[in-house]
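I have placed the structure first, in the form of structure tokens, so that the comments after it can refer back to it.
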Amino acid sequence: MTESTKTDEKTSAPPATVKTPAATRWRWGALAVLLVLAVYAPFQLAPFYVFQLTMVLVYAVALLGLNLLVGHAGQISLGHGAFFAIGAYTAAILMERAALPYPLTLPVAAAVAFLIGLGLGVPAMRLRGLYLALVTLAIAIFLVPLLKRFEELTGGSMGLTLAKPQPPAWTGLAEDQWLYFIALIVAVGTFLLVASLLRSRVGRALHAVRDNEIAAEVMGVRLSFYKTLAFAWSAMLAGVAGSVYTWVIGFVSPDSFTVNLSINLLAGIVVGGLGSLSGPVLGGLFVMFVPSISQDINDAAPGVIFGLLIIAVMYVAPTGLAGLAGRLIKKIPRKKE
Amino acid sequence: MSDLVVDGLVAGYGDVRVLHGVSFGVKQGEVCAILGPNGAGKTTLLRALSGMVRTRGTATLGGTELAGRSPDTVARLGVAHVPEGRGTFMPLTVEDNLRLGAFVRRGRAEIEADLDRIFTYFPVLKTRLKQEAGSLSGGEQQMLALGRALMLRPRLLLLDEPSLGLAPLVTRELFRIVQAINAEEQTTVVVVEQNAHLALGIAQQAHVLETGRIVLSGTAEEIRADEQVAQSYLGYRV
Amino acid sequence: MAGFLQQIVTGLGAGAIYASLALALVLIYQFTGIVNFAQGELAMFSTYIAWTLVAAGVSFWLALVITLVVSFAGGMLIERIVIRPVEGAPELTIVIVTVGLFIFVNAAAGWIWTFLIKDFPNPFPGGALELGAVTVNFSTLGVLGVVGLVMGLLYLLFQHTKIGLGMRAVATNPASARLVGIRVGWTLALGWGLAATVGAVSGVLVAPLLFLEPNMMAGVLIYAFAAATLGGFDSPVGAVIGGLIVGVAETLAGAYVGFIGSDLKIGVPLLIILAVLLLRPQGLFGRAAVERA
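Chains Y, A and V are the protein sequences, given in the same order.
Take the first sequence: its letters are residues 140 to 476, numbered as in my numbering.
Take the second sequence: its letters are residues 159 to 396, numbered as in my numbering.
Take the third sequence: its letters are residues 194 to 486, numbered as in my numbering.
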């Protein structure tokens, strides 16, 4: 029974997660190069570009959470911007109203997003994926007026403006560089966390849920338990990303977290690559740079590009850019045979 | 001269091949029984004829190619298929189900006349006309499925296990009606059946299918008389 | 008491609009099992077409007819071009494709017509009907009348025409529908065309009340989801009754629940969706229970 389970998983997992020795070597090599570049970059780039890269990392953390849910557990959320907002506001309110030192706001933001995710996940996860999409979309739309309502706490439509974290003198870093490294550390930390989570029993259970719910249930995977947990974790990661967002931007307002954010996040992870670890990074680059570059053409250009790309990706490469790259890498050794 | 000519028909699902080159012919107005054990490919053969599975090889009806066409096109060529599970439109009324049988036909008056004709075969359907098809008994649903097929005025009628799940008495009645239909309408019939005894009772020709190949063909009498066949393929003693 | 009745009338007017978009959602769900997240955006796009025609000097009612025809053709084309390639794919894939369509149509409208709000003409006269202490705007009556008319036409189509019979057959048993000779692919496209047409009606009805802009339908979509969930995703009648209930519930909650007020009314459909999913997942008039995971 356990034997057959394992083979099932291997055949049905997206190509990018199939570990041939060559692909593994490639991956570690690429990862090392990437990390060196990531550390080197802020010393070479102008502050504005450093800021942009910081935002890529922030989005990547949120997408990591969304990927856990959509890519690994096969559930859809159209409202992840809401959890991002919850994290951002938790951090902002704690810094502004409770004068909490900023590093402490991250675990609180994570916990709040996790608990809200758990609370919403319990009813939503008892039902089919479709309804989860519906409920999460409604939540994302509902959150904006809700934030505006609790003005004493959230600052209403005006939002909250905060002092950005300043680099300690011993680092010798500029503010943008310091924020970048904070985001990098959070990103690397959460990536390692998720990677080890996916390698554990839990990861296998999630894949079983995604690939065949009925079979997973027959095998004794407690479906609703793992689905709810995946939802809560992904909410937590979005919350973590949100708190870093608050530090980086130094400002939160309801209109930063409209349903468009949620939809952009989904677009990012679909285009970046569902079910792969590099998907969130590629997706983060997308969410950051496609709008900033294409907006020069027309305000609507990012939406047109995202919309078309999402549809195209679902047709030709359901595992996104990361999956496409994985497939290409796999093909290289094959040709030599 | 055969009306339905099947030649080298190959069919399957995905990579799994179920039929490995089946050839036979059925004369106009005859009943042909396809017998054989479970998993022999009987249902697949019917599905191949009506375009529900991908095929290679040919199957012509009166010279027109059926193989490789879509089910809706095959239906428009005059082939009525009563599929496994009867294909009833459960939430629709009995009348809707019957009218759907004539979906591709034109001519209101003729269709109304055919409805009445079908009530002569299946009087019970007339009393259930406005009832949901899903509320009928198994036997009534099988009658409805036959009635729906007849509404096409088919040139070829494909019946998949009409006896499945029915009481013996109901089954016998059903086969009697099929025989009557065949006699009165001169409809060519291919019937797939586990209950070989019943099928051979109304058929002129029969073929025994095993693992996707025809292993024995003959008149119904010949097949029935072949004691060895009876034991090994049909599962009963003569 | 009169105030209460007044609120109900207002709620019915809003509910009729939700009902029409919910009807469009249910039409597609019945045929294909797909919940079309882009339904609201398609309606918005149709409304822009009507606006463009009116702005070009075409009379409102002629513009409406042209818009409905174009929407019908557009809906069919979208089914053939966008949805057909993922037919039979996992639900997640199809949902994502309709979300992609949502983003694309929204942005395309913004590109063509900009994101600035536009005034949309109200086709109904401005006055009101006085019924005792209750005032019923002609525009509310008009909306109710149009939605009633659409319902009636759909009923006639489905129950009394051959095409409608074929469509019901495809909705209940596509494999068997093929066997009786129905061209299932075209029928599905027809379903999308019809849904786009019904959606266009809801867009044209809502635009005079909300102002026309590309994000106009996002909120309405949530109400329509709530209506369809409440009525049952496989029941057109349920969608309409669900829409009216949602409209009334929203108006009453906004008027009488101090905390909700006018700004948090969008929370009402969310609560309705959650409550229905937990208490009666198949909805009030739905046949099959939604598969539980």
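Don't be surprised by glycine CBs; every beta carbon is placed ideally from N, CA and C.
Just so we're clear, the structure is a prediction, and the values are computed from it rather than from any experiment.
- With its beta carbon less than 8 Å from one in chain A, I375(V) belongs to the interface.
- The beta carbon of N255(A) is closer than 7 Å to those of T246, F247, A291, L302, R306 in its chain, skipping five residues each way along the sequence.
- Taking all protein chains shown into account, A209(V) has 16 or more neighbouring C-beta atoms within 10 Å of its C-beta and is therefore buried.
- At a cut-off of 8 Å, the C-beta of V429(Y) has no neighbouring C-beta in chain V.
- Think of a sphere of 7 Å around the beta carbon of V398(Y): the chain V residues whose beta carbon falls inside it are A411, in chain order.
- Considered as a whole, the stretch 288 to 323 of chain Y harbours 290 to 293 as its complete alpha helix (DSSP H) runs of no fewer than 4 residues, in chain order.
- The Cβ atoms of E319(A) and E242(A) sit closer than 8 Å to each other.
- Chain V places a beta carbon closer than 8 Å to that of R257(A), counting this residue as a contact.
- If the five residues before and after A231(Y) are omitted, its C-beta is found closer than 7 Å to the C-beta atoms of L299, L301, T385, V391, all from its own chain and listed in chain order.
- The C-beta of G447(V) has 16 or more other C-beta atoms within 10 Å across all chains shown, which makes the residue buried.
- When C-beta distances to chain V are compared with 8 Å, the residues of the stretch 266 to 295 of chain Y below that value are L266, R267, G268, L269, Y270, A272, L273, V274, L276, A277, I278, I280, F281, P284, L285, K287, R288, in chain order.
- Under a criterion of Cβ atoms nearer than 7 Å, the residues of chain Y adjacent to F308(V) are, in order, D438.
- Contact check for V398(Y) and G220(Y): beta-carbon distance about 7 Å, within the 8 Å limit, so the pair qualifies.
- Taking the Cα of T307(V) as reference, the smallest distance to any Cα among T245(V), L350(V), V263(V) is reached at T245(V).
- A contact between stretches requires three or more CB pairs, one per stretch, nearer than 8 Å, and the stretch 297 to 311 of chain V meets this requirement with the stretch 402 to 409 of chain V.
- Contact between G392(V) and L214(V) holds, with the beta-carbon distance rounding to 6 Å and staying under 8 Å.
- Shown here, A169(A) sits in a strand according to DSSP, grouped into three states.
- Only residues of its own chain outside the window of five on either side were considered, and among them A191, A364, A378, I381, R382 have a CB closer than 7 Å to the CB of L358(A), listed in chain order.
- Counting only Cβ-Cβ distances below 7 Å, D427(V) has no contacts in chain Y at all, with the closest Cβ about 13 Å away.
- Distances from the alpha-carbon of F396(Y) to those of F190(Y), G378(Y), L413(Y) put G378(Y) closest.
- A distance below 6 Å between beta-carbons, with the five flanking residues on each side excluded, links V420(Y) to the following residues of its chain, in chain order: A199.
- The stretch 252 to 261 of chain V and the stretch 288 to 308 of chain V do not touch, with fewer than 3 CB-CB distances between them shorter than 8 Å.
- By DSSP's assignment, L381(V) forms no beta bridge with any residue.
- The C-beta of I274(V) has fewer than 16 other C-beta atoms within 10 Å across all chains shown, which makes the residue exposed.
- Not flagged as an interface residue toward chain V: L193(A), since no C-beta distance is shorter than 8 Å.
- Residues of the stretch 347 to 366 of chain V with a C-beta less than 8 Å from any C-beta of chain A: K355, L358, G359, R361, A362, T365, N366, listed in chain order.
- For A217(V), the nearest beta carbon of chain Y is not closer than 8 Å to its own beta carbon.
- Only residues of its own chain outside the window of five on either side were considered, and among them G423, L424, M427 have a CB closer than 6 Å to the CB of V195(Y), listed in chain order.
- The C-beta of W304(V) comes closer than 8 Å to at least one C-beta of chain Y.
- Neighbours of G479(V) in chain Y, taken as residues whose beta carbon is under 8 Å from its own, are absent, since the nearest beta carbon is some 13 Å off.
- L376(Y) and T329(Y) do touch by the CB rule: their CB atoms are close to 6 Å apart, below 8 Å.
- Under the three-state reduction of DSSP output, E290(A) falls in the strand class.
- Nearest CB-CB separation between P229(A) and chain V: below the 8 Å threshold.
- Beta-bridge partners of H211(Y) (DSSP): none assigned.
- Here H353(V) is exposed. Its C-beta has fewer than 16 other C-beta atoms within 10 Å.
- Neighbours of G460(V) across chain Y, judged by C-beta separation under 9 Å: A277, F281, P284, L285.
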